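Under this note's numbering, residues 270 to 1015 are what the sequence shown spells out, in order. One structure below.
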Amino acid sequence: MKKEWMEKHEDGSYTVRTCGWSPPGDHPVGCGMKLHVKDGKLVKVEGDPEHPISQGRLCVRCLTLPEFVHHPDRIIYPMKRAPEDRGKDKWEQITWDEAYDIIVEKVNGFKKNHGAESIIVFGGTGREACLYYYPLGFSTLQTPNVCYPLSGWSCYGPRCAITDYILGAGYPEIDFAGHYPDRYDHPGYKVPEYLVLWGKMPLWSNPDGFYGHSIVDMMKRGTKIISIDPRLNWLSSRAAYWMQLRPGTDTALALAFLNVIINEEIYDKKFVEDWCYGFDQLKERVQEYPPAKVAEITGIPAEKIIECARVMANASPVAIQWGLAVDENPNGVQLGHAILSLSAMTGNLDVPGGITLGPPAALLGKWRVETRSQISEELWDKRIGAKEWPALSTALATTHPDETLDTLETGKPYRLRMGWFNSSNFIAPTNSAAPQRWYEALKTLEFNVVQDCFMTPTAMAFGDIFLPLPTFAEHDGVVLTHFGRNAIFAGAMNEAFRVGDTRSDIEVCLELGKRLNPENWPWENIPDFFTDQLKPELGIDFNGLREAGVFQPGYEYRKHETGKLRFDGEPGFNTVTGKVELYSTLFEEWGEDPLPYYKEPPYSPVSTPELAKEYPLVLTTGARKVTSFHSEHRQIKSLRAIDPDPIVEINPETAANLGIKEGDWAVLENQFGKCKAKAHLMPAIKPDVVHCTHGWWYPEEEAEEPSLFGVWKSNINTLIPHKHIGKLGFGAPFKAIICKVTKAED
270 MKKEWMEKHE
280 DGSYTVRTCG
290 WSPPGDHPVG
300 CGMKLHVKDG
310 KLVKVEGDPE
320 HPISQGRLCV
330 RCLTLPEFVH
340 HPDRIIYPMK
350 RAPEDRGKDK
360 WEQITWDEAY
370 DIIVEKVNGF
380 KKNHGAESII
390 VFGGTGREAC
400 LYYYPLGFST
410 LQTPNVCYPL
420 SGWSCYGPRC
430 AITDYILGAG
440 YPEIDFAGHY
450 PDRYDHPGYK
460 VPEYLVLWGK
470 MPLWSNPDGF
480 YGHSIVDMMK
490 RGTKIISIDP
500 RLNWLSSRAA
510 YWMQLRPGTD
520 TALALAFLNV
530 IINEEIYDKK
540 FVEDWCYGFD
550 QLKERVQEYP
560 PAKVAEITGI
570 PAEKIIECAR
580 VMANASPVAI
590 QWGLAVDENP
600 NGVQLGHAIL
610 SLSAMTGNLD
620 VPGGITLGPP
630 AALLGKWRVE
640 TRSQISEELW
650 DKRIGAKEWP
660 ALSTALATTH
670 PDETLDTLET
680 GKPYRLRMGW
690 FNSSNFIAPT
700 NSAAPQRWYE
710 ALKTLEFNVV
720 QDCFMTPTAM
730 AFGDIFLPLP
740 TFAEHDGVVL
750 THFGRNAIFA
760 GAMNEAFRVG
770 DTRSDIEVCL
780 ELGKRLNPEN
790 WPWENIPDFF
800 TDQLKPELGI
810 DFNGLREAGV
820 FQPGYEYRKH
830 ETGKLRFDGE
840 PGFNTVTGKV
850 ELYSTLFEEW
860 GEDPLPYYKE
870 PPYSPVSTPE
880 LAKEYPLVLT
890 TGARKVTSFH
900 SEHRQIKSLR
910 AIDPDPIVEI
920 NPETAANLGI
930 KEGDWAVLEN
940 QFGKCKAKAH
950 LMPAIKPDVV
960 HCTHGWWYPE
970 EEAEEPSLFG
980 VWKSNINTLI
990 PHKHIGKLGF
1000 GAPFKAIICK
1010 VTKAED
């Protein structure tokens, strides 16, 4: 990329090159763009063709950033409200010093009278705050309770934990040549022959550090797609194999693939012999899942299962990219275990065009977790749910989300009194199951701080102090793919201007940290902080990253052969056995089956046939839309014009039987809750499956309680039950729950 990150023009305007993250929300994909600023206003956003990853391509959310930045409803100054006015629109503007003074007094008071454990930080998903809500809790507020309030931690965390336990590595990503400036022309790179997208649509989601349009680039170079998804999407419509399975049956399919590959002896025998542990036990287990049996479970013909398994074993290289279908599933640990076993046994781990592996944590991702050492072991032992769920608490430095709701409701083992909502609008249908229970439970908190860009249902319901966030165009920062678990590149976020008086996540951590615990925050300014993070591992300071735009560190394949995956420098994987654990020693220690197995969703036509008579449809939810990031962007006029309403996809035959036509409003309901969405007839969806979009609330509706911007009207998460999780504490039935659909009367 060009060295000049800012270019000034004769008319007084200027252009800033930057990499995007959030807010507004997105995953750390780091798309390159040029921000055109005139008279202090962002007037245009365009893609940067010199960015080695995005190459000038941008989604509609980036293109409409000026509308977001200068929206009249955006909050750009700190605000406060009396506790008795929660739920009412009675905010008054204050200064940052006033806000910090109130927060410091409250924090010190709760610590003195009730212990630091009485404070909890709630973090959202995907946003830049994912790097900073941990140190906000551990280092600034010094509480052990940092919570991602998604039942079963069902986004990204399970996949990271499974990978850590089975491979001893960070997040596995398909090799899209992102490490190299010359990308696909790099001499050490090989384009995947097949790319397996398992419960994932990366063109829309751009997940975690993977730029989705790289798949299109690879397809142009010959890569074929295997899509495993109940829903038809753009990629599955162009796939060599679309495996349209019944929602929630993915683990059975993975085990059938392993059955074929093992029994036909088409696996990588040398890799299995040298680097895998527990092959004989896995071979015995998969005999329970012959393709004919799994065909009955999944709805996919046995011949198609066999053919697809053979392709995955015989092609080279083959990369598997897994999605939320793994996490949002109480059987998801076993699914992830089976997927990693497939990748290992077919010889596709850490090879060109296969799956790349990084350390479990690096750079800012490592620092954020290590800040927990700044609280005592005695306090750390009070972390909610840690002892009850060791598989979750060992890999993730947070509370257990379901246990956290139990604690809020019961006051056991102690009462939570202060909440900090960091980039999290979780009573909207973004991540919390049983959101109405969360809503009632969170009312017990005595003092709350909210950080966001707009007033949200969560902020209106609970906030006492509102701290406004800048967009990525308005502050300095670093984009780090996969939150440091597989840092394919690092990108510079460059402040181009700032509207109002806002503070970024790291600015709040640093400024408030200097007031509460100055010894933990020695940096004088934000560039110094980032330099301290980047220099030791990448050999570059923040100004150097600004000039580079994007820093690509390169990549070394087959690290297990050279001791680069283990902390002791020995060849192998950083696991208990030093190998890929097809048979997990840690799972066994925690009382779980050490081998993958299939278990029906907790509510399905098979596991609850009597209940399914009343609720005959299987509901999936959570698929991405390019016009929004979870519950964000609902007030952006251009984006709402594209996607004005929540949608439920229904097979035309099913809809006709229910008296529902295209565009009718429908009610989705089960034993846990109900919501409304507009019907879209989709011939490619199975007659017994429906899909509903998530994250919906209505900024145009009444702000105050009980409406809270209409948050309950289309809240699909009211149909998802609390604490229906797997044996190790992971997963929840967001993508496989029974329901019924009727035509709305109004």
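Beta carbons are placed, not taken as given, at the ideal position from N, Cα and C, and that holds for glycine. Since the structure is predicted, the reported quantities are computational estimates derived from the model, not experimental observations.
Among residues of its own chain, excluding the 5 on either side of residue i, which ones have a beta-carbon nearer than 8 Å to its beta-carbon?
{"i": "G281", "result": "K307 and D308"}
{"i": "K945", "result": "P915, W934, A935, V936, L937, K982, S983 and A1013"}
{"i": "K271", "result": "The pLDDT assigned to K271 is 49, lower than 50, so where the model puts this residue is not dependable; a value taken from the coordinates is nonetheless given after this. Once the five neighbours on either side are set aside, the close Cβ partners of K271 are R286, E319 and G818."}
{"i": "R507", "result": "M488 and I494"}
{"i": "Q550", "result": "L851, Y852, P863 and L864"}
{"i": "I624", "result": "P441, E442, I443, D444, A588, I589, S612, N617 and L618"}
Quick test of your reading: residue i and residue j, contact by CB under 8 Å. State the CB separation rounded to the nearest angstrom.
{"i": "Y434", "j": "L855", "result": "5 Å"}
{"i": "G605", "j": "V595", "result": "5 Å"}
{"i": "P404", "j": "L648", "result": "No, P404 and L648 are not in contact; Cβ-Cβ is about 15 Å, not under 8 Å."}
{"i": "P628", "j": "G439", "result": "5 Å"}
Pick out whichever of the options has its Cα sitting closest to the Cα of residue i.
{"i": "H899", "options": "C424, S585 and R343", "result": "C424"}
{"i": "N755", "options": "E970, V595 and Y824", "result": "Y824"}
{"i": "N382", "options": "L685, V747 and H829", "result": "L685"}
{"i": "R515", "options": "R637, K1009 and K1004", "result": "K1004"}
{"i": "I322", "options": "L632, F479, K712 and W689", "result": "F479"}
{"i": "A582", "options": "I569, A613 and L738", "result": "A613"}
{"i": "C1008", "options": "E922, E869, T877 and G964", "result": "T877"}
{"i": "T750", "options": "P913, I389, Q362 and G447", "result": "G447"}
{"i": "T889", "options": "S907, A561 and H963", "result": "H963"}
{"i": "I388", "options": "L977, T668 and F799", "result": "T668"}
{"i": "I994", "options": "P456, A730 and V602", "result": "V602"}
{"i": "V227", "options": "S907, Y536, T640 and D862", "result": "In this structure the chain extends from 270 to 1015, so residue 227 is not present and cannot be described."}
{"i": "W503", "options": "N939, Y967, A892 and S976", "result": "A892"}
Taking DSSP as the reference, what is the three-state secondary structure of residue i?
{"i": "P726", "result": "helix"}
{"i": "K681", "result": "coil"}
{"i": "S496", "result": "strand"}
{"i": "D721", "result": "strand"}
{"i": "W422", "result": "helix"}
{"i": "F540", "result": "helix"}
{"i": "T673", "result": "helix"}
{"i": "W467", "result": "strand"}
{"i": "V895", "result": "coil"}
{"i": "E1055", "result": "Given that the chain is displayed from residue 270 to residue 1015, the structure contains no residue 1055 and the question cannot be resolved."}
{"i": "E806", "result": "helix"}
{"i": "E965", "result": "One detail in the question is off: residue 965 reads as Trp in this sequence, not Glu. Coil at W965, not helix or strand."}
{"i": "P737", "result": "strand"}
{"i": "G760", "result": "strand"}
{"i": "M951", "result": "coil"}
{"i": "Q286", "result": "Per the sequence shown, residue 286 should be read as Arg rather than Gln. Here R286 sits in strand by DSSP."}
{"i": "A946", "result": "strand"}
If I measure Cβ to Cβ from residue i and keep anything under 7 Å in the same chain, skipping five residues before and after, which residues do I get?
{"i": "N256", "result": "There is no way to answer for residue 256, as the model of the chain reaches only from 270 to 1015."}
{"i": "V555", "result": "L524, L527, N528 and I531"}
{"i": "L674", "result": "R706, W707, A710 and H991"}
{"i": "E715", "result": "R686 and M687"}
{"i": "E806", "result": "A631 and L632"}
{"i": "I372", "result": "V718, I734 and L781"}
{"i": "H829", "result": "W544, D619, P840, G841 and F842"}
{"i": "W859", "result": "P659, A660 and L997"}
{"i": "D810", "result": "T800, L803 and K804"}
{"i": "A521", "result": "Y558, V563, I566, T567 and Y867"}
Beta-carbon within less than 6 Å of residue i's beta-carbon, same chain only, minus the 5 sequence neighbours each way: which residues are those?
{"i": "H305", "result": "T284, V312 and K313"}
{"i": "D295", "result": "F898"}
{"i": "G769", "result": "I345 and Y346"}
{"i": "Y510", "result": "I495 and C577"}
{"i": "G393", "result": "S692 and S693"}
{"i": "D358", "result": "A972 and E973"}
Under a CB-based cut-off of 8 Å, is residue i close to chain D?
{"i": "I389", "result": "Included in the structure is just one protein chain, with no chain D present."}
Is it a yes or a no for the stretch 659 to 674 touching the stretch 852 to 867, going by three-plus beta-carbon pairs under 8 Å? yes
Please determine if the stretch 410 to 429 and the stretch 999 to 1006 are in contact, where contact requires at least 3 C-beta pairs separated by less than 8 Å. yes
Mind the definition here: the stretch 317 to 334 touches the stretch 369 to 378 only if three or more C-beta pairs lie below 8 Å; say whether that holds. no
Assess contact between the stretch 536 to 547 and the stretch 874 to 885, defined as three or more Cβ pairs (one per stretch) separated by less than 8 Å. Is contact present? no
For the stretch 738 to 748 against the stretch 758 to 768, are there 3 or more C-beta pairs whose distance is under 8 Å? yes
Is the stretch 944 to 959 close to the stretch 919 to 932, with three or more CB pairs under 8 Å? yes
Counting beta carbon pairs with one atom in the stretch 556 to 570 and one in the stretch 505 to 520, are three or more of them shorter than 8 Å? yes
Does the stretch 462 to 479 touch the stretch 583 to 602, meaning 3 or more C-beta pairs lie closer than 8 Å? yes
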